[in-house]
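These notes concern the structure reproduced below.
2 protein chains.
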Amino acid sequence: MKIVILGGGATGMGVAAKVKRNDKNCEVLVIETGNYVSLGACGLPYYVGKNFDEPNMLFARTIEKFNESGIEIIINSKIKLIDLKNKKVVVNNKEITFDKLVIATGADAISPNIKGLNTIEHFKLTKFEDGLALRNIVEKKNINNILIVGSGFIGLELAENLKDLNKNVTMVEIEKDILSNLYDAEISELIKTTLEKNKINLMLNSFVNNFYKKENKVIANISDKEYEFDLVITATGFKPNTELLLNTGLNFYKNNAIIVDEFGKTNIEDVYAGGDCCAIMNKITNQFCYSPLATVASKQAKVIANNICKIESRFNGTIQSSIIRLFDKAIARCGLTVREANDLNIKTKVSYIKDKDHTHYLKGQSDVHLKLIMNEDTHELIGAQMFSHKDSILRFYSLATMVWSKIKVNEALEQIDLPYSPPFAKSFDIIHIAISKFI
Amino acid sequence: MKIVILGGGATGMGVAAKVKRNDKNCEVLVIETGNYVSLGACGLPYYVGKNFDEPNMLFARTIEKFNESGIEIIINSKIKLIDLKNKKVVVNNKEITFDKLVIATGADAISPNIKGLNTIEHFKLTKFEDGLALRNIVEKKNINNILIVGSGFIGLELAENLKDLNKNVTMVEIEKDILSNLYDAEISELIKTTLEKNKINLMLNSFVNNFYKKENKVIANISDKEYEFDLVITATGFKPNTELLLNTGLNFYKNNAIIVDEFGKTNIEDVYAGGDCCAIMNKITNQFCYSPLATVASKQAKVIANNICKIESRFNGTIQSSIIRLFDKAIARCGLTVREANDLNIKTKVSYIKDKDHTHYLKGQSDVHLKLIMNEDTHELIGAQMFSHKDSILRFYSLATMVWSKIKVNEALEQIDLPYSPPFAKSFDIIHIAISKFI
Chain A
459 MKIVILGGGA TGMGVAAKVK RNDKNCEVLV IETGNYVSLG ACGLPYYVGK
509 NFDEPNMLFA RTIEKFNESG IEIIINSKIK LIDLKNKKVV VNNKEITFDK
559 LVIATGADAI SPNIKGLNTI EHFKLTKFED GLALRNIVEK KNINNILIVG
609 SGFIGLELAE NLKDLNKNVT MVEIEKDILS NLYDAEISEL IKTTLEKNKI
659 NLMLNSFVNN FYKKENKVIA NISDKEYEFD LVITATGFKP NTELLLNTGL
709 NFYKNNAIIV DEFGKTNIED VYAGGDCCAI MNKITNQFCY SPLATVASKQ
759 AKVIANNICK IESRFNGTIQ SSIIRLFDKA IARCGLTVRE ANDLNIKTKV
809 SYIKDKDHTH YLKGQSDVHL KLIMNEDTHE LIGAQMFSHK DSILRFYSLA
859 TMVWSKIKVN EALEQIDLPY SPPFAKSFDI IHIAISKFI
Chain B
459 MKIVILGGGA TGMGVAAKVK RNDKNCEVLV IETGNYVSLG ACGLPYYVGK
509 NFDEPNMLFA RTIEKFNESG IEIIINSKIK LIDLKNKKVV VNNKEITFDK
559 LVIATGADAI SPNIKGLNTI EHFKLTKFED GLALRNIVEK KNINNILIVG
609 SGFIGLELAE NLKDLNKNVT MVEIEKDILS NLYDAEISEL IKTTLEKNKI
659 NLMLNSFVNN FYKKENKVIA NISDKEYEFD LVITATGFKP NTELLLNTGL
709 NFYKNNAIIV DEFGKTNIED VYAGGDCCAI MNKITNQFCY SPLATVASKQ
759 AKVIANNICK IESRFNGTIQ SSIIRLFDKA IARCGLTVRE ANDLNIKTKV
809 SYIKDKDHTH YLKGQSDVHL KLIMNEDTHE LIGAQMFSHK DSILRFYSLA
859 TMVWSKIKVN EALEQIDLPY SPPFAKSFDI IHIAISKFI
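Sequence order for the protein chains is A and B.
Basically the numbering used here = 1-based index in the first sequence + 458.
Basically the numbering used here = 1-based index in the second sequence + 458.
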């Protein structure tokens, strides 16, 4: 059997490796348009922030290592044609046929539609070369005032890392709240306060009208006032990298993400897809969503590889769990926000608690904010959002487990036996307190 | 209704406060033999270790505050008689009747049966005055060589705290493994290594034959060799404080812990009991066990108070979750060990993984050891044990949640959507890896 995989990111290489482990006689060919595979792209902001110096640490495995395990890889590919019905692709003017195709083309940064953006040098952070280029320029002594357009995960991670390099960072966000698609207003407000405390110049509810060059500076007109920057970075989200596939008969989600079933199959026989180029099922709403997170890639890769090798395997969806460090603080979330639940006409009950992470008599006690959202009809916990010191945030794993497993809120859950000792918790943890408010 | 509570610890005062919140017309009287109430005893080792200077921080609330909320407290009580059938107690030569009695007398340190122990000055750490006395003596310049007999939680916490005070700490343990009732051998070995790395003189599989005084030193004969110490502390476990109750008609567990049902009721009408003087139900085995942990007190207190006030409430048992910091490391556990499961003829499957806590390219990456124990018949996770850096241990909350909720191990659990970002985890966390070994 010949498996062709479009894309050498985490999903594509994950499928390749797992197919080979399942059945070493499968022929596996990965077609990658860039000049590398298996980039751990989540590390890019930390490379820019000089947390480490060797950029090759970002690669999970080398091409040679993949080749040794029998995986063929074509890098720098020019894909001319994708013909799903006739099971062939044309790459570098060569026709390649397949028995099974896996589409794992990932996502690209959305380039914001701002007047003058193309007339100035600007950066984004999606690919390996983006990381190299951005680190190279921020190392220059005359690059001090940096504008980040967008306050999503990449924007926030970059803000933290650039501040650690003593840069003067301005962040402009068109929404009035940060991460308003993932957090309700209380937590967004805490994120805002954290950024401001750490001297990020935050401009919410603001947008760039236009950019222009003035000597070696960039002038940005932000909400009708002009500001001068040494460097502009755009971080306004991701779009699935599916342009070449739009007329191949595949079914797409509204943003052109590929729609797949729980087995990773598209609507076309023998064509699978996974990772950031796909829409995925929200485990709570049973509706598709677009949530390009690294946590999905490895799981979908395994599911696809198994099904290709006739080992039945299902992807169980996402609760859009995420966590991010913000200087000495951290935020984590999963499930639905109240706003999302309201939009779906789900009746919710909310518990919002501010308490301390551990006992008052031990040093380093810090605030934890926890918001829990319960479906009032089913009594299932359908959402959780936490803000705390970075050393306290991992207790959120408990909440992700509850939401994932659709555990019902009741007296038994209120009594959950979480481990306690004075340096880590209180004997009645904030999780107990928050749950008890529902009882 | 008149509620009399024997014991002013976390359970007793918890019942008192909750009864008053439920029904302010209830008459609540707490009878305490010591001269204080609501001690947070878990903080004592940290007071000894000078983590804080004001010992009164260990009290959750003052007697005056309890009185203000209508709770009457008699401290320094001498209990002469407890007559459960006739619903009366005799305290300080005064007869007190009750409608409902709550026994919350807690536990006392077990005094090890060692020849000569009574001829030397020695310390334990259960009560407030123990903490004051121990801190007072370890502050002395000539107190350097300290022997701790026993390596349970208190022994380990003391070892850490005394080492932080630059004392030379020797710990003697009769078993060949540390915490062998709570951890399997792999994790016990890691605890041992941690203590040794931190220069605790660990003597396992050893016991003290006898003590004697020599000038202002203590000589301990440990496994037939003599050692000299400035100070001896015993920390060899707890026994329920139920001596005065033995002939009152109550049902007892093998160590004289009181047996109660899920409502907190003893076998005698209108007599409740909770906290460290009780045996509690193990949620996994459905058998009684003795597990005197602070996490139980607040939960049982609420259950008892509710049932007294005719609000039906059930205590859901324990999975004996615990966590403890050991210098820069930490350990956490819940459920059954393999040995316990074997003793109960439960067929188990084990997954033991050593991996890293977070991405290799960010500093501070550290080892995590995780052992999961699955019931092979039901596929439920019945035990988990983790050893890691202290900043990584809270991910254990996820495992306590799985064991508590009797979640089945399957492909859906393997795909649990735990939040990931480079400073906190890997996109496929050690929890995923450990679960995947079962699939």
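The beta carbon of each residue, even a glycine, is placed where N, CA and C say it ideally should be.
Assumed close pair residue i, residue j - CB separation to whole angstroms, cut-off 8 Å
i	j	result
B:Leu497	B:Ile463	The pair is not a contact, with the Cβ atoms about 15 Å apart (cut-off 8 Å).
B:Glu615	B:Pro503	4 Å
A:Lys546	A:Ile554	6 Å
A:Ser780	A:Arg791	6 Å
A:Asp719	A:Lys558	Not really, about 15 Å apart at Cβ, beyond 8 Å.
B:Met860	B:Leu839	5 Å
A:Leu648	A:Phe845	5 Å
is_contact[residue i, chain B] using C-beta, thresh 8 Å
i	result
A:Lys508	no
A:Pro750	no
A:Ile777	yes
A:Ser863	yes
A:Cys516	Here residue 516 of chain A turns out to be Leu, not Cys, going by the sequence shown. At least one chain B Cβ lies under 8 Å of A:Leu516.
A:Met860	yes
A:Gly589	no
A:Ser792	Just to set this straight, residue 792 of chain A is Cys in the shown sequence, not Ser. Chain B, which has a Cβ nearer than 8 Å to the Cβ of A:Cys792, makes this yes.
A:Cys409	Examination of residue 409 of chain A is not possible in this model, given that chain A is present from 459 through 897 alone.
A:Asp786	no
A:Asp734	no
A:Ile537	no
Below-8 Å beta-carbon distance, residue i vs any chain A residue
i	result
B:Asp719	no
B:Ala755	yes
B:Pro881	yes
B:Arg772	yes
B:Met459	no
B:Phe854	yes
B:Tyr504	yes
B:Ile766	no
B:Asp481	no
B:Ser846	no
B:Asp642	no
Cβ shell of residue i (< 6 Å), same chain only, five flanking positions each side left out
i	result
A:Gly608	Ala693 and Thr694
A:Lys573	Asn668
A:Pro967	Summary: the structure shown does not reach residue 967 of chain A, with chain A confined to residues 459 through 897, and so no result is reported for it.
A:Thr628	Leu605 and Asn659
B:Thr491	Ser535
B:Lys864	Glu838
A:Ser756	Gly472
Cβ shell of residue i (< 7 Å), same chain only, five flanking positions each side left out
i	result
B:Ala752	Ala468 and Cys500
B:Asp813	Val826, Ile888 and Ile891
B:Val477	Ile461, Cys484, Val486, Ala763, Ile766 and Cys767
Residues of its chain near residue i, where Cβ-Cβ distance is below 8 Å and the 5 sequence neighbours each way are ignored
i	result
B:Tyr494	Gly466, Phe517, Ile521, Ile533 and Phe586
B:Lys634	Leu662 and Asn663
A:Asp682	Asn667
C-beta neighbour in chain E for residue i, strict 8 Å
i	result
A:Asp566	This model lacks chain E altogether; the protein chains it does include are A and B.
Proximity test, residue i beta-carbon vs the ligand NAD heavy atom, cut-off 7 Å
i	result
A:Lys558	Summarising the ligand content, the structure contains no ligands, and the ligand NAD is consequently not present.
| When you check each C-beta in the stretch 806-821 of chain B against every C-beta of chain A, which residues fall closer than 7 Å? | Answer in chain order: Thr817, His818, Tyr819, Leu820 and Lys821.
| message | Under 8 Å, with one C-beta from each stretch per pair, do the stretch 650-666 of chain A and the stretch 814-822 of chain A reach the 3-pair mark? | response | Segments in contact, no.
| Are three or more beta carbon pairs between the stretch 657-676 of chain A and the stretch 836-856 of chain A nearer than 8 Å? | Look at the beta carbons and you see the stretch 657-676 of chain A not touching the stretch 836-856 of chain A: under three pairs across the two are nearer than 8 Å.
| Counting pairs of Cβ atoms below 8 Å between the stretch 521-528 of chain B and the stretch 683-698 of chain B, do you hit three or more? | Cβ pair count under 8 Å is below three, so no.
| query | Does the stretch 742-756 of chain A come close enough to the stretch 549-557 of chain A that 3 or more CB-CB pairs lie under 8 Å? | reply | A contact between stretches requires three or more CB pairs, one per stretch, nearer than 8 Å, and the stretch 549-557 of chain A fails this requirement with the stretch 742-756 of chain A.
| query | How do the stretch 793-802 of chain A and the stretch 634-649 of chain A stand: do at least 3 beta-carbon pairs fall below 8 Å, yes or no? | reply | A contact exists between the stretch 793-802 of chain A and the stretch 634-649 of chain A.
| field | Interface residues of the stretch 868-896 of chain B facing chain A [CB-CB below 9 Å] | value | Cβ contacts with chain A: Glu869, Ala870, Leu871, Glu872, Gln873, Ile874, Asp875, Leu876, Pro877, Tyr878, Ser879, Pro880, Pro881, Phe882, Ala883, Ser885, Phe886, Asp887, Ile889, His890 and Ser894.
| said: Would you call the stretch 868-876 of chain B in contact with the stretch 758-777 of chain A, where contact means no fewer than 3 C-beta pairs closer than 8 Å? | reply: The answer is yes - the stretch 758-777 of chain A touches the stretch 868-876 of chain B, with three or more Cβ pairs under 8 Å.
| query | Would you say the stretch 504-513 of chain B touches the stretch 470-484 of chain B, given that touching needs at least three Cβ pairs under 8 Å? | reply | As far as the Cβ criterion goes, the stretch 504-513 of chain B does not touch the stretch 470-484 of chain B, which means the pair count is below three.
| query | Any chance the stretch 735-744 of chain B sits against the stretch 884-894 of chain A, with 3 or more Cβ pairs inside 8 Å? | reply | Result no; under three Cβ-Cβ pairs closer than 8 Å.
| Taking one C-beta from the stretch 580-595 of chain A and one from the stretch 562-571 of chain A each time, how about it: are there three or more such pairs within less than 8 Å? | Segments in contact, yes.
| message | If contact is defined by three or more beta carbon pairs under 8 Å, each pair taking one atom from either stretch, is the stretch 616-632 of chain B in contact with the stretch 707-717 of chain B? | response | They do not touch, by the three-pair rule.
| Counting Cβ pairs, one atom from each stretch, are 3 or more of them under 8 Å apart for the stretch 827-841 of chain B and the stretch 796-814 of chain B? | The stretch 827-841 of chain B is in contact with the stretch 796-814 of chain B.
| request: Return the residues of the stretch 652-666 of chain B that lie within a Cβ-Cβ distance of less than 8 Å from chain A, sorted by chain order. | output: Here the close residues number zero.
| request: For the stretch 482-497 of chain B, enumerate the residues whose C-beta is nearer than 7 Å to any C-beta of chain A, in chain order. | output: Within the stretch 482-497 of chain B, no residue has its Cβ closer than 7 Å to any Cβ of chain A.
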